[in-house]
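Position in the sequence shown counted from 1, then plus 479, gives you this note's numbering. Backbone N, C-alpha and C define an ideal beta-carbon position, used for all residues, glycine too. Structure, as structure tokens:
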Amino acid sequence: MDAHLDGLPMDALRAKLDETGVGGQHAETVFHALHRDLAPLHTLSKLGPRRLSRLLEVAKLSQVQIARAYPSADGTERWIYGLEDGLETEGVLIPMRPGPVPQKGQKSLQRNSLCVSSQVGCPVGCAFCATGRLGLKRSLQASEILGQIAAARRRAAELDRPITHLVFMGMGEPFLNQNALFDVLKILSDPHGWCLDAKHITVSTVGFCDRIDAFAEAFKGRFQLALSLHAGSQALREKLIPAAKQSPLDALHETLKRFPLPGSRYLMLEYLLLPGLNDSPEELEGLCHFAKDLRCIVNLIPFNAFEGCPFRSPNAEEISRAFEHLRNARIPCSIRQEHGQKIHGACGMLSLKQQSFQSVI
Ligand code: SF4
């Protein structure tokens, strides 16, 4: 269990407040301040002076700050978060709907997605990912993941660009930090918390069958699931994603077939386009075969080449050839509009390298 008050789901918070003499009956008020209003606890005068001073005595909160911010001309802003032990992790604010940034006092029409990290570095080591090269430094506690989100919400409010969507696609594999992830999702979806629509929260994984089943069991498909597929054959997938050995494609397919999809929900299948590697007709056929009886959308992601990586980015012709292949096979698909390449904030580029960029804070 997280030692910080802001990493506790409601039941655990209530028990903690009871145990420490603040009184569990105040859990909703405290939760509201921590997660909806992002208000300092000393403002909770309605608790009365004795209980408030006890709360301030026992309230250990996560200390996550945006240490550096790197804006890009395309509206993306990449953030480096400082953690209490001196380590750092990353997040990216990504505009989802192009349009002018509203003037002060105007209501924002923009939708902005926050890319959230679950670990510092990553143990999976995908061949195409800069984060994977760092290895795992450590997993984040629930309070640190929520601390990132809180710091991001404050910064986004300053920029007048409210966060409307969350994607767990930053540093780390969320399902390898499952307990913290599940606590974060419980807190985010609690009616006394931030109340972001669950269908606007996406958890992205390279695919561990048992973890996907546990996610389905815990949340019944309320949150969006994205699978990083990236290959149409098991052999190529294992070369790109070492962890793919644990969850072969046929087992993964069976797992996704039983994943609950309430209402109009669908699965996202992420497919990074690596020209000359996974865009051959055979690999794309494998992708179509995997997708055809799933309620899913394939998201084609043009690879962002980075320094020292052995792959190149696809050109426009290669992207449209892959797209047409899927369209001809009647597989619903889209091409992801990538943002933030110039500040190394695009997919697979997070690696804490930013020496050549200028922070604005
Ligand atoms: S793609 Fe995701 S799972 Fe793979 S190394 Fe990068 S952060 Fe880890």
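**Study point:** Segments assigned alpha helix (DSSP H), at least 4 residues, entirely inside the segment 741 to 810
**Key:** Residue ranges of uninterrupted alpha helix (DSSP H) with 4 or more members, entirely inside the segment 741 to 810 and ordered along the chain, are 760 to 770 and 795 to 807.
**Study point:** Run of the beta strand (DSSP E) containing residue 525, from where it starts to where it stops
**Key:** Segment: none, residue 525 is in no beta strand (DSSP E) and carries neither H nor E.
Practice item. Count the other CB atoms, across all protein chains shown, that sit within 10 Å of the CB of residue 626; report buried if there are 16 or more and exposed otherwise. Key: Counting Cβ neighbours within 10 Å, residue 626 comes out buried, since at least 16 surround it.
Review point. What distance in whole Å lies between the Cβ atoms of residue 749 and residue 798, which are believed to be in contact at a cut-off of 8 Å?
Key: With 8 Å as the limit, residue 798 and residue 749 do not qualify as a contact, their Cβ atoms being about 15 Å apart.
Review point. In three-state terms, what does DSSP make of residue 598?
Key: Reduced to three states, the DSSP call for residue 598 is strand.
**Study point:** Residue span of the alpha helix (DSSP H) that contains residue 626, given as start and end
**Key:** Taken as a continuous stretch (DSSP letters only), the alpha helix (DSSP H) holding residue 626 covers 621 to 637.
Check your understanding: Whose C-beta lies closer than 6 Å to the C-beta of residue 810 among residues of the same chain, with five residues either side of it excluded?
Key -> Beyond the five residues adjoining it in sequence on each side, residue 810 comes within less than 6 Å, by CB distance, of 767, 770 and 777 in the same chain, given in chain order.
Review point. Can residue 611 be considered in contact with the ligand SF4, in the sense that its beta carbon sits closer than 8 Å to one or more heavy atoms?
Key: True, at least one ligand heavy atom lies under 8 Å from that Cβ.
Review point. How should residue 527 be labelled, buried or exposed, when 16 other C-beta atoms within 10 angstroms of its C-beta is the threshold for buried?
Key: Counting the other Cβ atoms within 10 Å of the Cβ of residue 527 gives fewer than 16, which makes it exposed.
Check your understanding: Looking at residue 674 and the ligand SF4, is the gap between the Cβ and the nearest heavy atom below 8 Å?
Key -> Relative to the ligand SF4, residue 674 has its C-beta separated by 8 Å or more from all heavy atoms.
Review point. Going by DSSP, which residues form a beta bridge with residue 567?
Key: According to DSSP, which records beta bridges pairwise, residue 567 is partnered with 561.
Check your understanding: Is the Cβ-Cβ distance between residue 496 and residue 512 less than 9 Å?
Key -> Contact: no.
Exercise for review: Tell me, please, whether the segment 695 to 702 touches the segment 747 to 766 by the rule of three or more beta-carbon pairs shorter than 8 Å.
Suggested key: In short, these stretches do not touch, since the Cβ pair count stays below three.
Check your understanding: Just to confirm, does residue 707 get its C-beta within under 8 Å of one of the non-hydrogen atoms of the ligand SF4?
Key -> Because some heavy atom of the ligand SF4 lies under 8 Å away, the Cβ of residue 707 counts as near it: yes.
Practice item. Would you check if the distance between the CB atom of residue 602 and the CB atom of residue 590 is smaller than 9 Å? Key: Taking 9 Å as the Cβ cut-off, residue 602 and residue 590 do not qualify as a contacting pair.
Check your understanding: What number of angstroms, rounded off, separates the C-alpha of residue 650 from the C-alpha of residue 520?
Key -> Note on geometry: alpha-carbon atoms of residue 650 and residue 520 lie some 30 Å from one another.
Exercise for review: Kindly identify the DSSP beta-bridge partner or partners of residue 670.
Suggested key: Paired residue(s): none; residue 670 is not in a bridge.
Exercise for review: Assign residue 841 to buried or exposed, taking buried as 16 or more other Cβ atoms, counted over all protein chains shown, within 10 Å of its Cβ.
Suggested key: Residue coverage of the chain in this structure runs from 480 to 840, which leaves residue 841 outside it and unanswerable.
**Study point:** Residue ranges of each alpha helix (DSSP H) within the segment 657 to 709, 4 or longer
**Key:** Runs of the alpha helix (DSSP H) inside the segment 657 to 709: 657 to 668 and 688 to 698.
Practice item. Could you say if the segment 603 to 613 and the segment 788 to 806 meet the contact criterion of at least three C-beta pairs nearer than 8 Å? Key: Enough Cβ pairs lie closer than 8 Å, so yes.
Review point. Is residue 651 near the ligand SF4, going by C-beta to nearest heavy atom under 8 Å?
Key: Yes; taking the cut-off as 8 Å, the Cβ of residue 651 has a heavy atom of the ligand SF4 nearer than that.
Review point. When the Cα atoms are used, what is the spatial distance from residue 794 to residue 523?
Key: Going from the Cα of residue 794 to the Cα of residue 523 covers about 56 Å.
Exercise for review: Thinking residue 666 and residue 672 are a contact (beta carbons under 8 Å), I'd like their distance in whole angstroms, please.
Suggested key: Confirmed, Cβ separation roughly 6 Å.
Point to revise | Assumed close pair residue 640, residue 572 - CB separation to whole angstroms, cut-off 8 Å | key: Sure, about 7 Å apart at Cβ, within 8 Å.
Point to revise | Under the three-state DSSP convention, the category residue 834 falls into | key: Its pLDDT being 49, under 50, residue 834 is placed unreliably in this model, and the value from its coordinates should be taken loosely. Residue 834: coil per DSSP, three-state reduction.
Check your understanding: By a C-beta neighbour count over all protein chains shown, 10 Å radius and 16 as the cutoff for buried, is residue 758 buried or exposed?
Key -> Classification for residue 758: buried.
Review point. Is any heavy atom in the ligand FMN found nearer than 8 Å to the beta carbon of residue 650?
Key: This structure lacks the ligand FMN; the ligands present are the ligand SF4.
Review point. Shorter than 9 Å from the beta carbon of residue 692 to some beta carbon of chain C?
Key: The chain inventory of the structure shown lacks chain C, comprising one protein chain alone.
Point to revise | Range covered by the alpha helix (DSSP H) that runs through residue 730 | key: Start and end: 728 to 736.
**Study point:** Any 3 or more C-beta pairs closer than 8 Å across the segment 488 to 503 and the segment 553 to 569
**Key:** Between the segment 488 to 503 and the segment 553 to 569 there are fewer than three inter-stretch CB-CB distances shorter than 8 Å, so the stretches are not counted as touching.
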